[in-house]
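J.: Mind having a look at this structure? Questions to follow.
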Amino acid sequence: MNSAMARIIVIEDESQIRKFVCDALHEAGWQTFEAGTAAQGVVEAGTRKPDLIILDLGLPDRDGVEVVRDVRAWSGLPILILSARSAENDKIAALDAGADDYLTKPFGVGELLARVRALLRRNLRTPEADGAVVSFGSIVLDRAHRTVSRNGEALHFTPIEYRLLCTLVASAGKVLTHRQLLREVWGPSYVESNHYLRIFIGHLRQKLEADPAQPQHILTETGVGYRFQL
Amino acid sequence: MLQPNHDQPALGHYALAALACTVTALIATPLRPYLDLVNIVMLFLLTVFLVSLRLGKQPAVLAAFLSVALFDFFFVPPRLTFAVADAQYLVTFIVMLAVALVTGQLTAGLRRQAEISTQEARRNIALYEMAKSLSGAMTLAHVIECSQDFLRDVIGVKSDLLLPGEQGELVSAGKHGVWYEAHVALMAYAEDRRTQRHPLTELDGVRYYTLHGSTRTRGVLVVSPLDGDIDALDADHALLEAVASLIAIALERLHYVEVAQAAQIDMASERLRSSILSALSHDLRTPLTILYGQADALALTKPPLPEKQQQAADAIREQSMRLCSLVENLLDMARLHAGQVKLRKEWQPLEEVVGAAIKLLERSLAGHMIKTALPPDLPLLEFDAVLIERVLCNLLENAIKYSPEPGTIEIKAKQVDTKVEVAVCDNGTGIPEARREKLFDMFVRGSAESPLPGVGLGLAICRAIVEAHGGEIRADDRPEGGSCFVFTLPVGNPPVIEAEAELPEVRV
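For the record, the sequence lines run as chains A and B. Under the UniProt record's numbering, the first residue of the first sequence carries the number 1, and numbering increases by one thereafter. Under the UniProt record's numbering, the first residue of the second sequence carries the number 1, and numbering increases by one thereafter.
Right, dumping it as structure tokens:
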């Protein structure tokens, strides 16, 4: 897992924000390229062979969501969104378009670096490399034998619960929107049935979390979706 | 009045009729040797016909009798007396009189019909013109002017429009008042469209027409004849009703024009407010993001800063974070007040949003014990997760602020009838009873001179959000010390989710 020489493009119109983000990334040992507009950002992304893009949603020349779509058209490289609080719809649109994670302004450097590290790490990992057995906390998920156990004791799941768990685990560290999860687990005709998802997430928490009201693994991104944390 | 009175023709008409008969007699006298008496009768009949055509019914009657008399006197032997030598002339007289009268009456009737049709046509044209100008009228004054002019010039009445005032009374809107009785006008105003057959006629000489709009009654039209002839007015009842409904339509249209304009102004000011808010929030957040980010970067510099500078960097970071949350609160309050917040209500378990709020405040909660007591059978609730998370965060932040470390903060919920009560309790200082209700007002704090930071917006935001969800929020004192902030959410009808069989393969 070598993310030491990663190349990161920062697309942000406020030069001061861009500066401190780049400084922080530099300090952490990564190489950065700056872009003040969406157009410039897309050019940089196409030419610099980046490992990650940090994208502000409020760009003056184009909608950030369109930039995400543009990049996704030719690359699966991780995209971290920067957005204002109380802009849930923008975040959801960007995530649905293929962005991987988001940071809400104002954010601290520590938070920024943690997200970037997680995304770079995720990108180095391939699904095959994960292997069939994943463990988190006291839970062991064996995808080859389709079993889940806590401290060696078997846990019982319904087909939907199991599918939901596997979907979450497969995208560990990444934010999945309600729509993405519903499409993946229930199918395209269920994308508006948010309450299904919420209830089944509740079931998973009851079975997997020590305290379902204070979950450690299946985290809620309020108004946006869920994030599974190993 | 345009319509002349046919029942009483001017004396001049009689004189003309008499003159016409005399002239005929004078013209016929020299022709006597050449014409048979029968043909002279014809001349007289022609005269009666012409008289009836030009001068009307009664002069024609006069002409008929006069013709018979003149014929008898001047032409029937013995001449220059009314005596008749040959008795068969009596038949001539009777036939002549009968023919003269009948042709006279018929012709006069026809003429009258033609006159009435012309009148009607003229009034209809006037009515069309009024309808046209009413449909183009953009102000109430214009509607009143159009209708008053028409009613005065065409029907010969003075009129007034009575429109409902603010307290349900009727207010005269016209310039030239008509003397009317207020209670009758109110009765007319209350008339039902379906039951009303005739205009109300309480005070003699005044008629009240209700102005029925399609959605509601728009007012009352009061009319009174200029010449005091109330019967002629009642003869025009149908026309007046038509005028009343035209006025009602015009008034209704004006009303909707006003409504549309008000809506447009509302929309424009709403847009302005929302663009100001978003510009303001962008302009406030950007420097704060930079400030906080830079302070955080400074505090994390490697190698670490000397202790004093490190403390300064930490202080800048902490204060800028506080400033951020203050600005967020102000923006939230502004947005809630401007009605900019649209609830994105979804059915969901309360547990989830409680967990999210605790997670968000993880760092601030580090010094406190946090306990949750949510019954597993709690129904799904319909709420906006982001906003209720905000309520919980604000309440938790308050609890942290007002209870000493290591305190215990509890989040409890229970169903009470058709509501779910959610309580955030602390074992802090509690709140004096007198201040409890006021706490939820803007810029009000638990104690006026508190050393703790804050401006008293958090609870006001909570109340705005909870009330938008149809719930209530209150502060309770705990007997064991500390306070509980309790808010309610209505239960509603949660959707039913079918149970699902367990996955067979997973069973061990």
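Don't be surprised by glycine CBs; every beta carbon is placed ideally from N, CA and C.
1. Go to L82(A), then tell me how far its beta strand (DSSP E) extends in each direction, as first and last residue.
2. Could you spell out where the alpha helix (DSSP H) holding A28(B) opens and where it closes?
3. So Q415(B) and A385(B) are in contact, right, with Cβ under 8 angstroms, and what is the actual spacing, rounded?
4. So, at 6 angstroms on beta carbons, what are the nonlocal neighbours of L2(B) in its own chain, with the 5 sequence-adjacent residues on each side left out?
5. If I measure Cβ to Cβ from V109(A) and keep anything under 6 angstroms in the same chain, skipping five residues before and after, which residues do I get?
6. With 7 angstroms set as the bound, which would you pick, yes or no: does the beta-carbon of T372(B) sit closer than that to a beta-carbon of chain A?
7. With a threshold of 7 angstroms between beta carbons, is I17(A) in contact with chain B?
8. Along the region 280 to 292 of chain B, what residues have a CB closer than 9 angstroms to any CB found in chain A?
9. Just to confirm, are residue 510(B) and A244(B) a CB contact at a threshold of 7 angstroms?
10. At 7 angstroms on the CB atoms, spell out the chain A contacts of G355(B), in chain order.
11. What residues in its chain sit with their C-beta under 8 angstroms from that of A18(B), if we drop five residues either side in the sequence?
12. Using a beta-carbon distance below 7 angstroms, is C484(B) in contact with chain A?
13. Got a sec: is the Cβ-Cβ distance from E14(A) to anything in chain B below 7 angstroms?
14. Using the three-state DSSP reduction, which class does R218(B) fall into: helix, strand or coil?
15. For V386(B), go through chain A and note every residue whose CB falls closer than 8 angstroms to its CB, in chain order.
16. Going by the DSSP bridge assignment, what does Y226(A) pair with across the sheet?
17. Show which residues of chain A have a CB atom less than 7 angstroms away from the CB atom of K359(B).
18. Pull up the DSSP beta-bridge partners for L103(A), would you.
19. Per the contact definition of three or more C-beta pairs closer than 8 angstroms, is the region 192 to 202 of chain A in contact with the region 137 to 146 of chain A?
20. Compare the C-beta of N194(A) with all C-beta atoms of chain B and state if any pair is closer than 7 angstroms.
21. Count the other CB atoms within 10 Å of the CB of K49(A); is the residue buried (16 or more) or exposed (fewer)?
22. If I54(A) and V68(A) are in contact, beta carbons under 8 angstroms, what's the gap, nearest whole angstrom?
23. Pick out the complete beta strand (DSSP E) segments inside the region 20 to 92 of chain A, 3 residues or longer, and give them in chain order.
24. Determine, using beta-carbon pairs with one atom in the region 454 to 463 of chain B and one in the region 390 to 400 of chain B, whether at least three such pairs fall under 8 angstroms.
25. Return the chain-ordered list of same chain residues with a C-beta closer than 8 angstroms to the C-beta of residue 517(B), the five sequence neighbours on each side being excluded.
26. In the DSSP assignment, what are the bridge partners of I11(A)?
27. For I199(A), which residues in chain B fall below 8 angstroms Cβ to Cβ?
28. Counting only runs that start and end within the region 128 to 152 of chain B, where is the alpha helix (DSSP H) found for 4 or more residues in a row?
29. Kindly identify the DSSP beta-bridge partner or partners of M369(B).
30. Since I believe S320(B) is in contact with L288(B) (beta carbons under 8 angstroms), could you give me their beta-carbon distance rounded to a whole number of angstroms?
31. Who are the neighbours of L392(B) on chain E, taking C-beta pairs under 7 angstroms?
32. Would DSSP call S193(A) helix, strand or coil?
33. To the nearest angstrom, how far is the alpha carbon of residue 248(A) from that of R117(A)?
34. Less than 7 angstroms separating the beta-carbons of G205(B) and L162(B)?
35. On the three-state DSSP scale, how would you describe V243(B)?
36. Can you give me the C-alpha to C-alpha distance between A141(B) and I116(B), rounded to a whole angstrom?
T.: With the given structure in hand:
1. Start and end: 79 to 84.
2. Counting along the chain, the alpha helix (DSSP H) containing A28(B) begins and ends at 11 to 31.
3. Distance from Q415(B) to A385(B) at the Cβ level is roughly 19 angstroms; contact not present, criterion being Cβ atoms closer than 8 angstroms.
4. Legend: pLDDT at L2(B) = 39, less than 50; position of this residue unreliable, value from coordinates given subsequently. Here the set comprises nothing.
5. Taken in chain order, the residues that qualify are A24.
6. Chain A contact via Cβ: present.
7. Taking CB atoms only, I17(A) has a neighbour in chain B less than 7 angstroms away.
8. Cβ contacts with chain A: S281, H282, R285, T286, P287, L288, T289, I290, L291, Y292.
9. Outside the shown range of chain B, which is 1 to 508, sits residue 510(B), and nothing can be said about it.
10. By Cβ distance, chain A contributes A213, Q214, P215, T220.
11. Correct list, in chain order: L62, A63, L66.
12. It does not; no Cβ of chain A falls within 7 angstroms.
13. Yes, E14(A) counts as interfacial toward chain B.
14. Strand, per DSSP.
15. Close partners of V386(B) in chain A (Cβ separation under 8 angstroms): S86, E88, T222, G223.
16. Partner(s): L176(A), T220(A).
17. Per Cβ cutoff of 7 angstroms: L219.
18. As DSSP reads the structure, L103(A) sits in a beta bridge with L82(A).
19. No, they do not touch.
20. Interface residue, yes.
21. Looking at its Cβ environment, which holds fewer than 16 other Cβ atoms inside 10 Å, K49(A) is exposed.
22. Wrong, their Cβ atoms sit about 12 angstroms apart, outside the cutoff.
23. Every beta strand (DSSP E) stretch that sits fully inside the region 20 to 92 of chain A and reaches 3 residues is listed by chain position as 31 to 35, 52 to 56, 79 to 84.
24. In the pairwise beta carbon analysis, the region 454 to 463 of chain B is classified as touching the region 390 to 400 of chain B: at least three pairs are separated by under 8 angstroms.
25. Residue 517(B) cannot be examined here, being either before or after the span of chain B that is shown, 1 to 508.
26. DSSP output for I11(A) lists A35(A), L55(A) as bridge partner(s).
27. Neighbours of I199(A) across chain B, judged by C-beta separation under 8 angstroms: P349, L380, I497.
28. Unbroken alpha helix (DSSP H) stretches of 4 residues or longer found wholly inside the region 128 to 152 of chain B: 140 to 150, given in chain order.
29. Per DSSP, T408(B).
30. That belief holds up - the Cβ atoms of L288(B) and S320(B) are roughly 6 angstroms apart, short of 8 angstroms.
31. No chain E appears in this structure, whose protein chains are A and B.
32. Reduced to three states, the DSSP call for S193(A) is coil.
33. Outside the shown range of chain A, which is 1 to 230, sits residue 248(A), and nothing can be said about it.
34. Here G205(B) is not near L162(B), since their CB atoms are 7 angstroms or more apart.
35. Taken through DSSP and simplified to helix, strand or coil, V243(B) comes out as helix.
36. Each residue's alpha carbon lies about 33 angstroms from the other.
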